[in-house]
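Undergrad: Under my numbering, think of the first position of the sequence shown as 153, with each following residue one higher.
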Amino acid sequence: MSSERCLVVGLIAWGLAALVPACSDDSGDDAGAGASTGGASSSSGGGSGVDGSTGSTSGEASTGSTAADATDSGGTSEGSTSEGGEETSIPEVGFDQILELMTVECFCHRSAMPSGGLDLRDAAAYASIVSIPSVEAPGVDRVSPGDPSQSYLYLKVIGEQASVGGSGVRMPAGMLPLPPEDIDLIRFWILGGAQP
Numbered sequence: 153m154s155s156e157r158c159l160v161v162g163l164i165a166w167g168l169a170a171l172v173p174a175c176s177d178d179s180g181d182d183a184g185a186g187a188s189t190g191g192a193s194s195s196s197g198g199g200s201g202v203d204g205s206t207g208s209t210s211g212e213a214s215t216g217s218t219a220a221d222a223t224d225s226g227g228t229s230e231g232s233t234s235e236g237g238e239e240t241s242i243p244e245v246g247f248d249q250i251l252e253l254m255t256v257e258c259f260c261h262r263s264a265m266p267s268g269g270l271d272l273r274d275a276a277a278y279a280s281i282v283s284i285p286s287v288e289a290p291g292v293d294r295v296s297p298g299d300p301s302q303s304y305l306y307l308k309v310i311g312e313q314a315s316v317g318g319s320g321v322r323m324p325a326g327m328l329p330l331p332p333e334d335i336d337l338i339r340f341w342i343l344g345g346a347q348p
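Take a look at the structure:
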């Protein structure tokens, strides 16, 4: 790995995710590169963010997270599902873990006047995202239980919102992409039925 690139290291301390730049001499050669999780790729650009926020992001994120990484960092237990005839194991993720992540990363949506009407304050968060149509892509729910590829929140954090007719930039706006283990946590929660 080149010393000219800034390596983003996802740290889990006291159950909270923190991003720490490992170097400060980023040449910017890979602006817009991001994490790829579950076969999805990512991109970034200017425009409006989740349901109306603005900003742009660029940067580089590490890849290579596994289900084991997510279980180690979140205290999750194993569950299983069947995809294409194969038995695969996915961790069970509770909404409390997702809410903790949103508390740290989604501050634009945690105020009395949340960006784009997406209220992620503790009492309103679950009811504001699960099975609720997104504003930017009304034919797609913010979270579609069991289906990350049709969950706008997940598509926004991996930068694939355009795949469902959405717009704006990868979330969190104006910040580095979420680390792969946090993206996996969201994906596993959705795959597990987005339980409260």
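Think of the CB as a built atom: it goes at the ideal place given N, C-alpha and C, for glycine as much as any other residue.
Once the 5 residues before and after PRO285 are set aside, which same chain residues still bring their CB inside 8 Å of it?
TA: Mapped onto the sequence shown, residue 285 falls at position 133. So the qualifying residues of the chain are GLY291, VAL292, ASP293, ARG294.
Undergrad: Since GLU257 and LEU305 are thought to touch, with beta carbons under 8 Å apart, how far apart are those beta carbons, to the nearest angstrom?
TA: Position 105 of the sequence shown holds residue 257. Position 153 of the sequence shown holds residue 305. Actually they are not in contact, since the Cβ atoms of GLU257 and LEU305 sit about 12 Å apart, beyond 8 Å.
Undergrad: With a cut-off of 8 Å on the beta carbons, I'd call ALA277 and MET254 a contact; round off their distance for me.
TA: By 1-based counting over the sequence shown, the position of residue 277 is 125. By 1-based counting over the sequence shown, the position of residue 254 is 102. Right, the Cβ-Cβ distance comes to about 6 Å (below 8 Å), so this counts as a contact.
Undergrad: For ILE242, does the three-state DSSP call read helix, strand or coil?
TA: Position 90 of the sequence shown holds residue 242. Note: ILE242 maps to strand in three-state DSSP.
Undergrad: Buried or exposed: where does ASP336 fall if 16 or more other Cβ atoms within 10 Å of its Cβ makes it buried?
TA: The count along the sequence shown starts at 1 and reaches residue 336 at position 184. Result: buried.
Undergrad: Residue range of the alpha helix (DSSP H) that PRO324 falls in?
TA: Translated into the one-based positions of the sequence shown, residue 324 becomes position 172. Counting along the chain, PRO324 falls outside any alpha helix (DSSP H), and DSSP gives it neither H nor E.
Undergrad: Is it true that the stretch 241-248 meets the stretch 318-330, where meeting means three or more beta-carbon pairs spaced less than 8 Å apart?
TA: Judged by Cβ distances under 8 Å, the stretch 241-248 makes no contact with the stretch 318-330, as fewer than three pairs qualify.
Undergrad: Would you mind sorting GLY311 into buried or exposed? The rule is 16 or more other CB atoms within 10 Å of its CB.
TA: Locating residue 311 in the sequence shown gives position 159, where the first residue counts as 1. By the neighbour-count rule (16 or more Cβ atoms within 10 Å), GLY311 is buried.
Undergrad: Looking at the structure shown, is ARG339 part of a helix, part of a strand, or coil, going by DSSP?
TA: Position 187 of the sequence shown, counting from 1, holds the residue named residue 339. The answer is helix: DSSP assigns ARG339 an H, G or I state.
Undergrad: Figure out for me which residue from GLY269, LEU343, LYS308, LEU307 has the closest Cα to the Cα of PRO297.
TA: Start at 1 with the first residue of the sequence shown, and residue 297 comes out as number 145. For PRO297, the nearest C-alpha among the options comes from LEU343.
Undergrad: I believe VAL309 touches ILE338 by the beta-carbon criterion, under 8 Å. Please report the beta-carbon distance rounded to the nearest angstrom.
TA: Numbered from 1 along the sequence shown, position 157 holds the residue referred to as residue 309. Numbered from 1 along the sequence shown, position 186 holds the residue referred to as residue 338. That belief holds up - the Cβ atoms of VAL309 and ILE338 are roughly 6 Å apart, short of 8 Å.
Undergrad: Would you call ASP274 buried or exposed, if buried means 16 or more other Cβ atoms sit within 10 Å of its Cβ?
TA: By one-based count along the sequence shown, residue 274 stands at place 122. Label assigned to ASP274: exposed.
Undergrad: Assign ASP334 to buried or exposed, taking buried as 16 or more other Cβ atoms, counted over all protein chains shown, within 10 Å of its Cβ.
TA: Within the sequence shown, numbered from 1, the residue matching residue 334 stands at position 182. Buried, because 16 or more other Cβ atoms sit within 10 Å of the Cβ of ASP334.
Undergrad: Tell me whether GLN347 is buried or exposed, calling it buried when 16 or more other Cβ atoms sit within 10 Å of its Cβ.
TA: Position 195 of the sequence shown, counting from 1, holds the residue named residue 347. Looking at its Cβ environment, which holds fewer than 16 other Cβ atoms inside 10 Å, GLN347 is exposed.
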